[in-house]
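Numbering (the UniProt record's numbering), first residue to last: 1 to 282.
Quick reminder that beta carbons are idealized off the backbone N, C-alpha and C, glycines included.
Here's the structure we're looking at; comments come further down.
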Amino acid sequence: MVFQEPFALEQFMDKYEGVIDYNLGETCCYSLSLNELEQLSNKKFETNELLDKRMQYTWIRGSEKLRTLIADFYNENDDITNNKFTKDDVVITNGAIGANFLTLYSLIDTNDHVVVFNPIYQQLNSLPKVFKGEVSEIRLSFNSSTKAWYSKTELLHAIKCSIKDNTKLIIINNPNNPTGTVFDNDVLNSIINIAETHGIYILSDEVYRPLFYSIQDFHTPPSSIATLYNKGISTSSTSKVFSFAGIRLGWIITKSAQLITDCLAKRDYNMISISLVDDLIA
1 MVFQEPFALE QFMDKYEGVI DYNLGETCCY SLSLNELEQL SNKKFETNEL LDKRMQYTWI
61 RGSEKLRTLI ADFYNENDDI TNNKFTKDDV VITNGAIGAN FLTLYSLIDT NDHVVVFNPI
121 YQQLNSLPKV FKGEVSEIRL SFNSSTKAWY SKTELLHAIK CSIKDNTKLI IINNPNNPTG
181 TVFDNDVLNS IINIAETHGI YILSDEVYRP LFYSIQDFHT PPSSIATLYN KGISTSSTSK
241 VFSFAGIRLG WIITKSAQLI TDCLAKRDYN MISISLVDDL IA
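Written out as structure tokens, the structure reads:
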């Protein structure tokens, strides 16, 4: 049997989430109803389109309309003028957890080495081990004097010291879950320089982007890793900042055509497609 660590957070939430009155540790923005979404967007929800649609398998990659909207979202938010994202750079998944799973399932093989930060969303440092990967963790520790979770110099030194001949992937969570700390573009580009030297991919779970609340002093929000690096992989979803966890929709976006090809091949054994209803609502 494949070894898999218990997912402590999800098991805790499964036990208590439905029975408490006041949740002080909620990880999502307050969820919206379809009626509230319609009011906020000033756009009529096309009920008949949904009601008249036959409940068949949907587009395996995700609909062209949805993938184009996501590509445009990144182009606009990162102010991309050259080499813009297109629908072909996007794969639709069942939430960000599905996007992370599909990425790691497609990338990590026996004895591949992964560098990951800790604390981090547990899936990101546990799942590579399921695929027989070797994991090195870099600890983020809060410094009460500097009011920061990391020193750039120490962080980059730790990454360099962790790199091995078989290192295939560096995993970050930006903004970080659970600390909220943010890697700005200066730090991201420095990590990219290390990765590029060794031909290493970078996976960035950006499910809380663009909520860049942090005690760090920066004025320009960081770019998506997929924007900055051709072997950068960004994952996200509608769950957290978009207040729509109920439709279970996420995505992978990357300029790595090879990774897109690998993900599409792997998903045939993993999920085939997302829900037609979720795609249409999104």
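Its chain contains K152, L156 as the residues whose beta carbon lies nearer than 8 Å to that of S190, once the 5 sequence neighbours on both sides are disregarded; these appear in chain order.
For the options S224, C263, Y229, the alpha carbon positioned closest to that of F73 is the one of S224. T86 is the residue among N75, I80, F12, T86 whose C-alpha sits nearest the C-alpha of K65. Taking the CA atoms as reference points, E36 sits about 10 Å from N42. For the set D268, L104, I163, L249, the Cα lying nearest the Cα of N94 is the one of L249.
Under the DSSP assignment, R67 falls in the alpha helix (DSSP H) whose first and last residues are 64-77. Taken in chain order, the unbroken stretches of alpha helix (DSSP H) that lie wholly in the segment 117-143 and span 4 residues or more are 122-130.
One thing to note: P128 has its Cβ within 9 Å of the Cβ of I171.
Each residue's CA atom was taken as its position, placing A257 and L188 some 22 Å apart. Put simply, of T261, S275, I281 the residue whose alpha carbon is nearest the alpha carbon of V91 is T261.
Within the DSSP bridge table, the entry for D205 names N173, T235 as partners.
The Cβ atoms of T167 and H198 sit closer than 9 Å to each other. When the alpha-carbon of D205 is set against those of F45, N83, I120, C161, the nearest one is in I120. Pairing K147 with A96, the inter-Cα distance amounts to about 30 Å. Distance from the CA of N143 to the CA of W149, rounded to the nearest whole angstrom, comes to 6 Å. Per the DSSP secondary-structure output, H113 pairs in a beta bridge with E134, T167. Of the candidates Y57, S126, I20, the residue whose Cα lies closest to the Cα of F7 is S126. The alpha-carbon separation between G62 and T181 amounts to approximately 32 Å. According to DSSP, V90 shares a beta bridge with I253. Burial of T227 is indicated by the presence of at least 16 other C-beta atoms within 10 angstroms of its C-beta. For F3, there is no enclosing alpha helix (DSSP H), as DSSP marks it with neither H nor E.
T58 sits close to S273, with the two beta carbons spaced by under 9 Å.
Restricting attention to D279, I252, S275, L211, the CA atom closest to the CA of S106 is found in I252.
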